[in-house]
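Right, one structure below, let's go through it.
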């Protein structure tokens, strides 16, 4: 683990490894910079450890301790990694009722198509281009532009009733 | 409706359109795709879209539209019935490391390590509320009306609270946020942010931070409550699936933890926010907001004037770039609030009224703004308006709220909108 520590007015840059009991520095020659005076200063390990709040004796006891730790680790590894059971955090989605598509037309020639905008920017201009396309390519098709009421996700039963009464098909454009 | 329809959607919304059509019972809906974007393109460019191909299927777009309206239905397109979507098994069993990865890889986290929700931890969390674990709290959806809403229970909120690092005593706040049914991750392309104002004695009971760094990462309650909001939005409302239920083009860093604004009632010279809204001072209240984010808090016009800085002018300056598609919340350090009292704003309401009256824009600007000017330009007051006439950015004082938070180390007055 690379780390950047500040201890008092000294900063240390080096590589350290950390276990549960003590911090041991694997960087054999840590460079300590005195940030107050500005010049680099060499420092021995004992001083450095004390600056970081670690007793030098901890290093001595760590040798015997590490053997015990290795044994424990071997036993744990033989037993395999511990498995735990956790809960699914997800909510409850609604059931889906399949909706069959509306019956299609045999042809749109001579039919009235409603061009419905959801109100997002650009949809009105885009639908107008569709109207122009039909005039050029399928002139028998009549088009009627309508802006759906409300926000993009709002229902507009009044418009749907009008279309059912006067139209044959819908092209709905979602601008953006 | 029973009328053949050809929906046209830009390619940017392909996954959203296809998955949402399926969730609404029309997995084979004949959606035709155009290039993206539509907005801002010239008429000639739009016409060229029509003469070109559907970028998803590679076939001529208008032929596809005509076919969508005329090609006979297949048996699959006529199908009826009911299906129940699965959200996976009730529990997962694996090593802790593998489970962390599983939750992350399956979109159940904010891509930070979580506290794994074991039964033991969830049971402990549930002790933080008197509500029954199976009680339904509400519904969440990435956009109301556009996506099917998911239902969720107290226990499911508790699971997400554990994952966020919350303690059991925080659960009432998290439940209140969940019950608001406002997700922290909306489907909008705008990368919106959410905020919650917390009022009442629970702030001190839990040692919430309303002083120095109140809206920053300096307090476990503030942090985990905010994080829980995003986790529960993902897991309980199916929000935050990029391309499918989340379209925010740039995302928003606020979405990690959201703005948790614990009002500094002690140092505020004004009535607490919840009391303004009709609650009693000893009631605990969570108020939720939705907007683009938080503006600059310093540098406003008038803030250097002596002896009393003109923070009304400073606030007005900070309000000027805000869109009025939403309301606005002035988020004031107590120092600013006290200065404003000296300037004659004895109440928050008086400040809101002044801001509503003076935060204006020209009719010309309103007409060219996307969504923003719409409200001000509708209705009888808009009749006869000229381009250079000034109109209020916000049509109502009720849309301008004021909250006091901060540690009085600086005069800061941003706005959330």
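Chains as they are written, first to last, in the numbering used here: chain V, 1 to 176; chain A, 177 to 593.
Yeah, the Cβ is synthetic: ideal placement off N, Cα and C, and Gly gets one too.
All figures in this text were calculated on a predicted structure; none of them were measured in a lab.
CB contact flag (residue i, residue j, <8 Å)
i                     : j                     : result
residue 104 (chain V) : residue 246 (chain A) : yes
residue 118 (chain V) : residue 174 (chain V) : yes
residue 386 (chain A) : residue 462 (chain A) : no
residue 144 (chain V) : residue 109 (chain V) : no
residue 447 (chain A) : residue 468 (chain A) : no
residue 492 (chain A) : residue 434 (chain A) : no
residue 92 (chain V)  : residue 405 (chain A) : no
residue 319 (chain A) : residue 363 (chain A) : yes
residue 350 (chain A) : residue 337 (chain A) : yes
residue 115 (chain V) : residue 130 (chain V) : yes
residue 201 (chain A) : residue 86 (chain V)  : no
residue 451 (chain A) : residue 528 (chain A) : no
residue 280 (chain A) : residue 411 (chain A) : no
residue 156 (chain V) : residue 148 (chain V) : yes
residue 252 (chain A) : residue 204 (chain A) : yes
residue 419 (chain A) : residue 230 (chain A) : no
residue 89 (chain V)  : residue 324 (chain A) : no
residue 244 (chain A) : residue 152 (chain V) : no
residue 378 (chain A) : residue 339 (chain A) : no
residue 587 (chain A) : residue 519 (chain A) : no
residue 532 (chain A) : residue 443 (chain A) : no
Residues that DSSP places opposite residue i in a beta bridge
i                     : result
residue 579 (chain A) : A:507
residue 184 (chain A) : V:173 and A:208
residue 544 (chain A) : In the DSSP output, where bridge partners are listed per residue, residue 544 (chain A) has none listed.
residue 270 (chain A) : V:84
residue 374 (chain A) : A:438 and A:462
residue 114 (chain V) : V:144 and V:170
residue 263 (chain A) : Partner(s): none; residue 263 (chain A) has no beta bridge.
residue 591 (chain A) : A:506
residue 567 (chain A) : A:537
residue 236 (chain A) : A:229
residue 560 (chain A) : Its beta-bridge partners do not exist; DSSP assigns none.
For residue i, three-class secondary structure by DSSP
i                     : result
residue 104 (chain V) : coil
residue 453 (chain A) : coil
residue 328 (chain A) : strand
residue 598 (chain A) : With chain A running from 177 to 593 in the structure shown, residue 598 (chain A) is simply not present.
residue 35 (chain V)  : Residue placement at residue 35 (chain V) cannot be trusted, given a pLDDT of 31 that sits under 50; what the coordinates show is reported in the next sentence. Of the three classes helix, strand and coil, the one that applies to residue 35 (chain V) here is coil, per DSSP.
residue 573 (chain A) : helix
residue 488 (chain A) : helix
residue 348 (chain A) : helix
residue 585 (chain A) : coil
residue 231 (chain A) : coil
residue 221 (chain A) : helix
residue 426 (chain A) : coil
residue 495 (chain A) : helix
residue 334 (chain A) : helix
residue 132 (chain V) : helix
residue 369 (chain A) : strand
residue 157 (chain V) : helix
residue 97 (chain V)  : strand
residue 92 (chain V)  : strand
residue 470 (chain A) : strand
residue 382 (chain A) : coil
residue 316 (chain A) : strand
Heavy atom of the ligand SAM within 7 Å of residue i beta-carbon
i                     : result
residue 425 (chain A) : You won't find the ligand SAM in this model; it holds no ligand whatsoever.
Residue i, buried or exposed, once every other Cβ within 10 Å from all chains shown has been counted against 16
i                     : result
residue 543 (chain A) : exposed
residue 233 (chain A) : exposed
residue 368 (chain A) : buried
residue 166 (chain V) : exposed
residue 82 (chain V)  : exposed
residue 240 (chain A) : buried
residue 71 (chain V)  : exposed
residue 497 (chain A) : exposed
residue 342 (chain A) : buried
residue 271 (chain A) : exposed
residue 301 (chain A) : buried
residue 441 (chain A) : buried
residue 566 (chain A) : exposed
residue 375 (chain A) : buried
residue 137 (chain V) : exposed
residue 188 (chain A) : buried
residue 426 (chain A) : exposed
residue 185 (chain A) : buried
Residue-level contact to chain D via CB, residue i, 8 Å cutoff
i                     : result
residue 289 (chain A) : No chain D is present in this structure, whose protein chains are V and A.
Going along the chain, which unbroken runs of the alpha helix (DSSP H) with 4 or more residues stay wholly within the region 277-312 of chain A?
Runs found: 295-302.
In chain order, what are the residue ranges of uninterrupted alpha helix (DSSP H) at least 4 long that sit wholly in the region 515-540 of chain A?
As far as the region 515-540 of chain A is concerned, its whole alpha helix (DSSP H) runs of at least 4 residues are 524-534.
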